[in-house]
Amino acid sequence: MSEIDANTDRKARLSTLAQAPAARLAALWQAFGRTPEHDMLRPPEIGTVMVRGRAGAVGAPFNLGEMSVTRCSVRLRDGAVGHGYVQGRDKQAACTAALIDALAEAGEAEALEAAILRPLREEAAARRTARAARAAATKVEFFTMVRGEG
Amino acid sequence: MYVAVKGGERAIDNAHAWLAEERRGDRAVAEMSVAQIREQLSLAVNRVMAEGSLYDPDLAALAIKQARGDMIEAVFLIRAYRTTLPRFGASEPIDTGAMTCDRRISATFKDAPGGQILGPTFDYTHRLIDFALAAEGDAPDAPQTTPQTGKTPHITEFLAREDLIQTEPAGTETPRDLTREPLDFPADRALKLQALTRGDEGFVLSMAYSTQRGYGRNHPFVGELRVGQLPVEMEIPELGFAIELGDITVTECETVNQFTGSKTEPPQFTRGYGLVFGHTERKAISMALVDRAMRWQELGEDNVGAPAQDEEFVLSHSDNVQATGFLEHIKLPHYVDFQSELELIRRLRAEAMATRAQEAAE
Numbered sequence: 000m001s002e003i004d005a006n007t008d009r010k011a012r013l014s015t016l017a018q019a020p021a022a023r024l025a026a027l028w029q030a031f032g033r034t035p036e037h038d039m040l041r042p043p044e045i046g047t048v049m050v051r052g053r054a055g056a057v058g059a060p061f062n063l064g065e066m067s068v069t070r071c072s073v074r075l076r077d078g079a080v081g082h083g084y085v086q087g088r089d090k091q092a093a094c095t096a097a098l099i100d101a102l103a104e105a106g107e108a109e110a111l112e113a114a115i116l117r118p119l120r121e122e123a124a125a126r127r128t129a130r131a132a133r134a135a136a137t138k139v140e141f142f143t144m145v146r147g148e149g
Numbered sequence: 000m001y002v003a004v005k006g007g008e009r010a011i012d013n014a015h016a017w018l019a020e021e022r023r024g025d026r027a028v029a030e031m032s033v034a035q036i037r038e039q040l041s042l043a044v045n046r047v048m049a050e051g052s053l054y055d056p057d058l059a060a061l062a063i064k065q066a067r068g069d070m071i072e073a074v075f076l077i078r079a080y081r082t083t084l085p086r087f088g089a090s091e092p093i094d095t096g097a098m099t100c101d102r103r104i105s106a107t108f109k110d111a112p113g114g115q116i117l118g119p120t121f122d123y124t125h126r127l128i129d130f131a132l133a134a135e136g137d138a139p140d141a142p143q144t145t146p147q148t149g150k151t152p153h154i155t156e157f158l159a160r161e162d163l164i165q166t167e168p169a170g171t172e173t174p175r176d177l178t179r180e181p182l183d184f185p186a187d188r189a190l191k192l193q194a195l196t197r198g199d200e201g202f203v204l205s206m207a208y209s210t211q212r213g214y215g216r217n218h219p220f221v222g223e224l225r226v227g228q229l230p231v232e233m234e235i236p237e238l239g240f241a242i243e244l245g246d247i248t249v250t251e252c253e254t255v256n257q258f259t260g261s262k263t264e265p266p267q268f269t270r271g272y273g274l275v276f277g278h279t280e281r282k283a284i285s286m287a288l289v290d291r292a293m294r295w296q297e298l299g300e301d302n303v304g305a306p307a308q309d310e311e312f313v314l315s316h317s318d319n320v321q322a323t324g325f326l327e328h329i330k331l332p333h334y335v336d337f338q339s340e341l342e343l344i345r346r347l348r349a350e351a352m353a354t355r356a357q358e359a360a361e
């Protein structure tokens, strides 16, 4: 696999983990049933990220406000390093995300994809679709009653 | 002059204990959970996130509970908490064109591509108290139909293609940040937008309303108002590429304003812009109007002396935490200050009385 493909996979993985509901991530991780021995490279840390927007949606960037983010980095005994970044303030979720990332880097990507990442992605897609279906039901269908002359 | 005094610790402790008891209210009534506030008072949560300038629904809900529903107090708590956190970096500018829209309306184009999506709105409700909500009972399920796919284009894109609307100038990639440097004037547009998006909703609303009533009128149409979810991406240094850090809900308002052209510009529409955390459309529309009013100089318009055109006035008074801090400090002990004033007024009065008595005698 080329480096670009590897980065694409890792980006997708970390993005899915970042947005996963903490309780759901914990449940899937527990069901996966592995907690590999590891060292903390960076203990879980709560911080913020400044979210930027653009003036007029397309112009100069400006600071919209911060969001809370928790991060954590681990190293497995075989040397594989994992990084976890999650939205919110759940330190456990950040550690779990880092461990999943490390295990995936250590060659367990397929098993993790099936057990944790695919379910998370499908559930996120289902939540999005459920909102989009409600939004679609509120779409206005105009019909012209009388068109004024002049 | 401030003088430290002691005493009152017991009174303060007891006052805080009573505050906690009052916060809980009647113990015969079930206590509210943070999750209940987050889910069922979500517009209050959104306002606290926007003005607290920290996107974290659970934390905003907790702040509302702790503040007994006092929104400015809750915003204050969020701001104070935020200052304790390290900042990991800044996101890529969010792409509002990629938003999954809950709501998207245009007051200018009936047949806007992507359609008019009303979303969960108070518009067209009759504003009659619904006594059914006082009774227990589950909410009905909202109807669903086949979701739309693909991006919902911005309305202004269509005007921009024909050069009918002014283009937005590019700015520095790293905008100035008023949480990191003191506000000074003249402020650039990035700083103004940051101040407006975290500004007090009531203040920004009133400033916007004043422009509609004639104090710096700028003839806005709501070209587009959209509410929805979008991902936030940030480059992670240790990885060397960007990941999505989370998903946030924002409200965006783009106004299309009249403009007759100037010596250098052909006739064109101009823009005002509002972008706010959460579903906060009153705030986003207000922000767009005030943004547009403050652009008078850039667009070669007259300064008619309206408050909304005065960036120093607007930006110096939009922050409710600053405002409430300065306002409310005057209720704290000023005994020594006042004592000196009292001495002074007694002396002046005595002198005045003496002069008057002398004049009467002469």
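Protein chains in written order, with numbering that gives the first Met the number 0: chain A, 0 to 149; chain B, 0 to 361.
The beta carbon of each residue, even a glycine, is placed where N, CA and C say it ideally should be.
| Query | Result |
| --- | --- |
| Spatial neighbours of M31 of chain B in its chain, beta-carbon cut-off 8 Å, leaving aside the 5 residues before and after | K64 |
| Paired residues, beta bridge with A89 of chain B - DSSP | A:M49 |
| C-alpha gap between G81 of chain A and E20 of chain B, whole angstroms | 46 Å |
| Terminal residues of the alpha helix (DSSP H) in which S339 of chain B lies | 334-360 |
| The ligand GTP heavy atom lying under 7 Å from the CB of G7 of chain B | This structure lacks the ligand GTP, and indeed carries no ligand of any kind. |
| Partners in chain A for Y54 of chain B, counting only beta-carbon separations shorter than 8 Å | V50, G64, E65, M66, S67 |
| For T248 of chain B, three-class secondary structure by DSSP | strand |
| CB contact check: I115 of chain A to chain B, cutoff 8 Å | no |
| Proximity below 8 Å, CB of I154 of chain B to CB of A207 of chain B | no |
| Where F152 of chain A falls: helix, strand or coil (DSSP) | Because chain A here runs from 0 to 149, residue 152 of chain A falls outside it and cannot be looked at. |
| Proximity test, Cβ basis, 8 Å: F75 of chain B and chain A | no |
| DSSP three-state assignment for Y123 of chain B, whether helix, strand or coil | coil |
| Own chain residues within Cβ distance below 6 Å of R188 of chain B, not counting five before or after | none |
| Bounding residues of the beta strand (DSSP E) (the contiguous stretch that carries E232 of chain B) | 219-235 |
| Identified DSSP bridge partners for R103 of chain B | B:I116, B:R225 |
| Beta-carbon neighbours of C100 of chain B, restricted to chain A and to distances below 8 Å | A134 |
| The segment 304-318 of chain B contacting the segment 273-285 of chain B, beta-carbon criterion three pairs below 8 Å | no |
| Closer than 8 Å to chain A by CB, L182 of chain B | no |
| Cβ-based contacts, 8 Å cut-off: residues of the segment 8-26 of chain A near chain B | R9, K10, L13, S14, A17, Q18 |
| Residues in the segment 125-150 of chain B having any Cβ partner in chain A nearer than 7 Å | A141, P142, Q143, T144, T145, P146, Q147 |
| Members of the segment 183-203 of chain B near chain A, C-beta cut-off 7 Å | R188, A189, L192, Q193, T196, R197 |
| 4 or more residues per run - each alpha helix (DSSP H) lying fully within the segment 13-93 of chain A | 21-31 |
| Span of the beta strand (DSSP E) around R117 of chain A | That residue, R117 of chain A, is in no beta strand (DSSP E); its alpha helix (DSSP H) goes 117-136. |
| Selection from A:Q29, A:E65, A:L75, A:R120 that minimises the alpha carbon distance to D38 of chain A | A:L75 |
| Residues that DSSP places opposite A241 of chain B in a beta bridge | B:E234 |
| Beta-carbon proximity of S67 of chain A to L53 of chain B, cut-off 8 Å | yes |
| is_contact[P60 of chain A, chain B] using C-beta, thresh 8 Å | yes |
| Per DSSP, cross-strand counterpart(s) of G7 of chain B | Paired residues: none, contrary to the question. |
| Member of A:F141, A:A110, A:D89 whose CA lies at the smallest distance from the CA of R23 of chain A | A:D89 |
| Proximity test, Cβ basis, 8 Å: R146 of chain A and chain B | no |
| Within 8 Å, strictly: CB atoms of L314 of chain B and L182 of chain B | yes |
| Whole-angstrom C-beta distance between L102 of chain A and P35 of chain A, which should lie under 8 Å | 6 Å |
| For N256 of chain B: DSSP bridge partner residues | B:P219, B:T269 |
| Meets three-Cβ-pair contact criterion under 8 Å: the segment 93-101 of chain B and the segment 213-233 of chain B | yes |
| Between the CA atoms of R70 of chain A and E44 of chain A - distance to the nearest angstrom | 5 Å |
| Status (buried if at least 16 other CB within 10 Å, exposed otherwise) for G154 of chain A | Outside the modelled stretch of chain A, which goes from 0 to 149, sits residue 154 of chain A, for which no answer is possible. |
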